[in-house]
Amino acid sequence: MHKPLQYFSDVNEKHPLVLPIIFFILGIIIASYGWLAGGLSFSVLIASMLFLTFGILRKWRYNLIFICIIFFLLGAILSTQKTEPPLPNNHIRKVIENMAGVATKEDNPLGIAIEGVLYSAPERFPDKTRLYVDAEKGVAKNKIIPVSGKILITVGSPLVNVKYGDRVRFIAKLRIPRNFGNPGEFDYAGYLARQGIYVTGYIENERWIAVLRSEQKWALRGTIEQIRDRIRGFIDNSGVDNPSIIKALIIGEQGEIPGEIKESFISTGTAHILAISGLHIVIIAFVSYWIGLQLFRLSERLMLVFNIRKLAALSSIIPILLYGAIAGYPVSTQRAVIMVLVFIVAVLIDREKGFYNTLAAAAFAILILSPLAIYDISFQLSFASVLAIIYLVPKLQLFWKDNNEDALVSTPSRSLQFTLRCFKNYFLNPLAVSVAASIGTAPFVAYHFHRVSLIGILANLIIIPLMGFMAVPIALISSVISFFNTPLAEICLKLSDIFIKVSVWIVEFFAKLPYSSLFTTTPTILESVLFYLLLICVVEYKRDRIFRYALPLVMLTLGSNYLFWHYRLNYNPNLKVTFISVGQGDSALVEFPYGKRMLIDGGGFYSDDFDVGERIIAPFLWKNKIENVDYIALSHPQADHMKGLRFIAERFNVKEFLWNGDIG
Numbered sequence: 204m205h206k207p208l209q210y211f212s213d214v215n216e217k218h219p220l221v222l223p224i225i226f227f228i229l230g231i232i233i234a235s236y237g238w239l240a241g242g243l244s245f246s247v248l249i250a251s252m253l254f255l256t257f258g259i260l261r262k263w264r265y266n267l268i269f270i271c272i273i274f275f276l277l278g279a280i281l282s283t284q285k286t287e288p289p290l291p292n293n294h295i296r297k298v299i300e301n302m303a304g305v306a307t308k309e310d311n312p313l314g315i316a317i318e319g320v321l322y323s324a325p326e327r328f329p330d331k332t333r334l335y336v337d338a339e340k341g342v343a344k345n346k347i348i349p350v351s352g353k354i355l356i357t358v359g360s361p362l363v364n365v366k367y368g369d370r371v372r373f374i375a376k377l378r379i380p381r382n383f384g385n386p387g388e389f390d391y392a393g394y395l396a397r398q399g400i401y402v403t404g405y406i407e408n409e410r411w412i413a414v415l416r417s418e419q420k421w422a423l424r425g426t427i428e429q430i431r432d433r434i435r436g437f438i439d440n441s442g443v444d445n446p447s448i449i450k451a452l453i454i455g456e457q458g459e460i461p462g463e464i465k466e467s468f469i470s471t472g473t474a475h476i477l478a479i480s481g482l483h484i485v486i487i488a489f490v491s492y493w494i495g496l497q498l499f500r501l502s503e504r505l506m507l508v509f510n511i512r513k514l515a516a517l518s519s520i521i522p523i524l525l526y527g528a529i530a531g532y533p534v535s536t537q538r539a540v541i542m543v544l545v546f547i548v549a550v551l552i553d554r555e556k557g558f559y560n561t562l563a564a565a566a567f568a569i570l571i572l573s574p575l576a577i578y579d580i581s582f583q584l585s586f587a588s589v590l591a592i593i594y595l596v597p598k599l600q601l602f603w604k605d606n607n608e609d610a611l612v613s614t615p616s617r618s619l620q621f622t623l624r625c626f627k628n629y630f631l632n633p634l635a636v637s638v639a640a641s642i643g644t645a646p647f648v649a650y651h652f653h654r655v656s657l658i659g660i661l662a663n664l665i666i667i668p669l670m671g672f673m674a675v676p677i678a679l680i681s682s683v684i685s686f687f688n689t690p691l692a693e694i695c696l697k698l699s700d701i702f703i704k705v706s707v708w709i710v711e712f713f714a715k716l717p718y719s720s721l722f723t724t725t726p727t728i729l730e731s732v733l734f735y736l737l738l739i740c741v742v743e744y745k746r747d748r749i750f751r752y753a754l755p756l757v758m759l760t761l762g763s764n765y766l767f768w769h770y771r772l773n774y775n776p777n778l779k780v781t782f783i784s785v786g787q788g789d790s791a792l793v794e795f796p797y798g799k800r801m802l803i804d805g806g807g808f809y810s811d812d813f814d815v816g817e818r819i820i821a822p823f824l825w826k827n828k829i830e831n832v833d834y835i836a837l838s839h840p841q842a843d844h845m846k847g848l849r850f851i852a853e854r855f856n857v858k859e860f861l862w863n864g865d866i867g
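Letter by letter, the sequence shown follows residues 204 to 867 in the working numbering.
See below:
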């Protein structure tokens with residue numbers, strides 16, 4: 204057998220799910236860009252399955268090729284179905300598109316009132332509320348128009364008294380979500396489309412919403428929302444200092460967290476702890492497993508009859524499902540629960556050491572239900588961090604394993620041996636996990652957030668135990684107790700609040716340190732691939748000569764990439780002017796020959812909800828590898844020309860500000 208095929212065959216023998224799932228993911232990605240025809244993919248899929256069946260009967264050695272082709276085509280077909288799903292003629296998006304000219308009206312672009320049911324709990328913020336409505340009727344000129352489709356409604360008030368399952372009627376400014384069209388910007392329209400939302404709307408205040416009645420199509424979901432409402436009220440009335448953070452950790456509502464606290468968590472690389480994700484589910488699973496294990500050890504009969512480790516793993520499923528339900532089962536939490544449940548199943552069937560297979564199975568379970576989840580930040584960060592931990596932690600532990608064991612043998616003092624073991628178990632091993640997760644997710648963090656935290660490894664080492672292993676379990680227990688004994692529950696919640704207060708203080712301290720985080724340009728796909736190749740070559744340098752040969756080649760390619768961008772930015776003799784799409788206002792980037800740059804106007808909106816400089820112009824500059832702007836020019840001081848300039852002035856080392864002296 205040829206060496207490359209032999210290599211893939213060896214990998215498949217050790218980890219039989221990994222290669223097929225990789226090809227499954229490739230099929231999803233390639234098809235999502237429209238590079239494969241759905242009908243052709245289905246035809247080739249059938250042919251490949253026939254060849255595979257024939258190959259199994261004949262015991263071909265090349266069956267792996269057909270298995271990978273089948274998974275590739277399966278991913279492509281599922282992706283094609285989700286990328287451009289057929290919409291019914293009465294879909295609210297088509298209704299808007301068909302009403303030519305009406306969408307320009309200022310009072311109501313659609314011209315009709317909408318009636319529908321809230322299919323998800325409202326998202327509440329200090330100054331607004333988001334409603335997720337499943338539209339059913341449109342009312343125009345006393346005529347009822349049947350419509351369908353999901354609508355995301357933003358209400359300019361936090362005082363909207365609606366809940367999951369309410370049938371509502373409202374008049375809103377409806378529109379089809381579109382991106383601004385600049386390189387580097389967040390694909391907001393695609394993000395909504397992956398949730399099945401193709402129309403958004405705005406309502407000035409709650410007076411334009413009428414609650415007709417409550418209709419809960421799913422009794423279980425309605426019960427869960429009632430429990431969440433009860434917990435929300437308990438937290439709000441408990442008198443703790445950080446109710447917004449506790450609500451984020453327990454019921455998944457982040458909207459009320461103060462902006463300055465969010466910024467501190469972001470700059471220290473610990474913002475992930477505020478959003479219920481795989482980390483929280485893993486922590487709940489671990490704590491539940493440990494408690495169950497200690498309880499089962501109290502019974503000698505159970506220890507004799509059952510494998511109590513498996514029994515403890517099985518018992519942890521209930522707290523995981525309970526936590527997911529209390530969190531409201533948002534998409535990110537659903538994926539995290541699926542991921543952890545797959546790992547628990549692996550433990551129950553004695554496959555817990557096959558980490559790569561288990562991770563591949565978890566990815567397949569998630570993507571088969573939602574193929575385009577591959578583009579969601581939460582999915583990427585969760586799997587990148589877990590994969591990095593699985594791969595890197597054993598390698599990092601080798602640095603201190605031998606020395607630590609030698610030190611233990613040569614140390615006569617039992618107290619010193621205990622200290623060394625504690626240092627290894629409670630500092631070095633968590634440090635390895637933090638380092639591995641930070642390295643593994645670095646390209647994704649830089650790509651999506653244009654930011655790298657230099658203090659993140661140390662901050663996570665402290666904050667994850669404080670908030671993850673202490674604050675979250677205690678707050679969750681207090682939420683359960685609140686249904687039976689409110690005073691006791693408040694005591695527990697205030698204990699959780701103490702850990703949160705300490706965590707916030709530490710995070711704010713780290714955030715104030717110089718260079719706690721750095722803004723970075725957007726890495727290209729090539730640069731991200733080279734980063735991971737460099738990492739693998741360094742880690743596996745002594746294992747095989749192929750890595751020793753590849754390392755200089757990877758470094759040479761990285762160096763060439765740097766020189767390419769350096770020349771393009773600083774030695775390009777051409778003059779280039781780019782007009783940036785910023786909505787109603789204006790903004791243009793002038794790139795002079797040999798590296799000088801001027802930004803003329805920065806766009807902006809009269810509302811402070813959306814910072815054009817941070818959300819549009821800066822990502823555009825970072826996408827083009829621009830870190831410095833020499834000049835900022837303001838044509839006239841109106842909000843739609845100047846509000847986007849502040850962020851640029853703060854982050855891009857601006858040397859001169861040009862202004863005609865007009866004060867409006």
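Backbone N, C-alpha and C fix where the C-beta goes; we use that ideal spot for every residue, glycine too. These numbers come from a predicted model, not from an experiment.
{"Query": "Mapping DSSP to helix, strand and coil, what is Gly481?", "Result": "helix"}
{"Query": "Can you tell me the Cα-Cα spacing of Pro193 and Phe672, whole angstroms?", "Result": "Residue 193 lies beyond the residue range present for the chain, which begins at 204 and ends at 867; the question has no answer from this structure."}
{"Query": "Are the Cβ atoms of Pro822 and Glu388 separated by less than 9 Å?", "Result": "yes"}
{"Query": "Phe808 by DSSP, collapsed to three states: which one?", "Result": "coil"}
{"Query": "By the 10 Å Cβ neighbour count, where 16 or more other Cβ atoms means buried, how is Thr536 classified, buried or exposed?", "Result": "buried"}
{"Query": "Would you tell me roughly how many angstroms separate the C-alpha atoms of Leu570 and Ala576, rounded to the nearest one?", "Result": "6 Å"}
{"Query": "Among Tyr797, Leu661, Asn827 and Phe686, which residue has its Cα nearest to the Cα of Ser470?", "Result": "Leu661"}
{"Query": "Helix, strand or coil for Ser417, going by three-state DSSP, please let me know.", "Result": "strand"}
{"Query": "Just to confirm before moving on: does the CB-CB distance between Gly816 and Gly847 stay below 9 Å?", "Result": "yes"}
{"Query": "Between Leu525 and Pro574, what straight-line distance do the alpha-carbon atoms span, to the nearest angstrom?", "Result": "26 Å"}
{"Query": "Can you tell me where the beta strand (DSSP E) with Lys149 in it begins and where it stops?", "Result": "The shown model of the chain, from 204 to 867, leaves out residue 149, and the question about it has no answer."}
{"Query": "Please go through the same chain and pick out, in chain order, the residues whose beta-carbon is closer than 8 Å to the beta-carbon of Asn445, but skip the five residues on each side of it.", "Result": "Asp700, Ile703, Lys704 and Val707"}
{"Query": "Mind pulling the alpha helix (DSSP H) runs of 4 or more residues that sit fully within the stretch 363-427?", "Result": "391-396"}
{"Query": "What's the gap between the Cα of Lys331 and the Cα of Val543?", "Result": "34 Å"}
{"Query": "Contact between the stretch 378-385 and the stretch 420-432: three or more CB pairs below 8 Å?", "Result": "no"}
{"Query": "Between the Cα of Gly807 and the Cα atoms of Ile453, Ile835, Ser641 and Arg849, which residue gives the shortest distance?", "Result": "Arg849"}
{"Query": "For Gly762 versus Val785, is the C-beta spacing smaller than 9 Å?", "Result": "no"}
{"Query": "Based on Cα-Cα distance, which residue from Leu267, Ile268, Ile273 and Ser235 lies nearest to Phe227?", "Result": "Ile273"}
{"Query": "Below 8 Å on the Cβ atoms is my guess for Ala640 versus Ile709; work out the distance and round it to an integer in Å.", "Result": "Actually they do not touch by this definition, with Cβ atoms about 19 Å apart."}
{"Query": "Identify the residues that DSSP records as bridge partners of Thr473: which are they?", "Result": "None; Thr473 has no bridge partner."}
{"Query": "Drop a sphere of 10 angstroms on the beta-carbon of Leu507, count the other beta-carbons inside from all chains shown, and report buried for 16 or more, exposed for fewer.", "Result": "exposed"}
{"Query": "Give every residue of the same chain whose Cβ lies closer than 6 Å to the Cβ of Ala565, excluding the five residues on either side of it in the sequence, and list them in chain order.", "Result": "Met542 and Val545"}
{"Query": "Count the other C-beta atoms from every protein chain shown that fall within 10 angstroms of the C-beta of Lys450, then say buried if there are 16 or more, exposed otherwise.", "Result": "buried"}
{"Query": "Can you have a look at Glu309 and say buried or exposed, based on whether 16 or more other CB atoms are within 10 angstroms of its CB?", "Result": "Low confidence applies to Glu309: its pLDDT is 43, below 50, so where it sits in the model is not reliable enough to give any reading."}
{"Query": "At 4 residues or longer, and completely inside the stretch 708-773: list those alpha helix (DSSP H) runs for me, N to C.", "Result": "728-742 and 748-773"}
{"Query": "To the nearest angstrom, how far is the alpha carbon of Lys376 from that of Phe813?", "Result": "18 Å"}
{"Query": "Just the Cα atoms here: how many angstroms apart are Gly527 and Asn301?", "Result": "41 Å"}
{"Query": "Decide yes or no for the touch test of the stretch 395-406 against the stretch 340-354: beta carbon pairs closer than 8 Å, at least 3 of them.", "Result": "yes"}
{"Query": "If you compare alpha carbons, which of Phe489, Val757, Phe795 and His294 is closest to Asn775?", "Result": "Phe795"}
{"Query": "Would you kindly work out how many angstroms separate the C-alpha atoms of Asp579 and Asn863, rounded to a whole number?", "Result": "44 Å"}
{"Query": "Can the beta-carbon of Val363 be found less than 9 Å from the beta-carbon of Pro325?", "Result": "yes"}
{"Query": "With distance defined between alpha-carbon atoms, name the residue in Lys297, Ala338, Ala234 and Ile315 nearest to Gly277.", "Result": "Residue identity differs from the one stated: residue 277 is Leu in this sequence, not Gly. Comparing Cα positions, the closest option is Ala234."}
{"Query": "Any contact of the stretch 778-792 with the stretch 832-848, i.e. 3+ C-beta pairs under 8 Å?", "Result": "yes"}
{"Query": "Skipping 5 residues on each side, what residues in its chain have a beta carbon closer than 8 Å to that of Tyr744?", "Result": "Phe750, Arg751 and Leu754"}
{"Query": "Should Cys271 go down as buried or exposed, given a rule of 16 or more other Cβ atoms within 10 Å for buried?", "Result": "buried"}
{"Query": "Hey, would you say Gly495 sits closer than 9 Å to Ser519, going by beta carbons?", "Result": "yes"}
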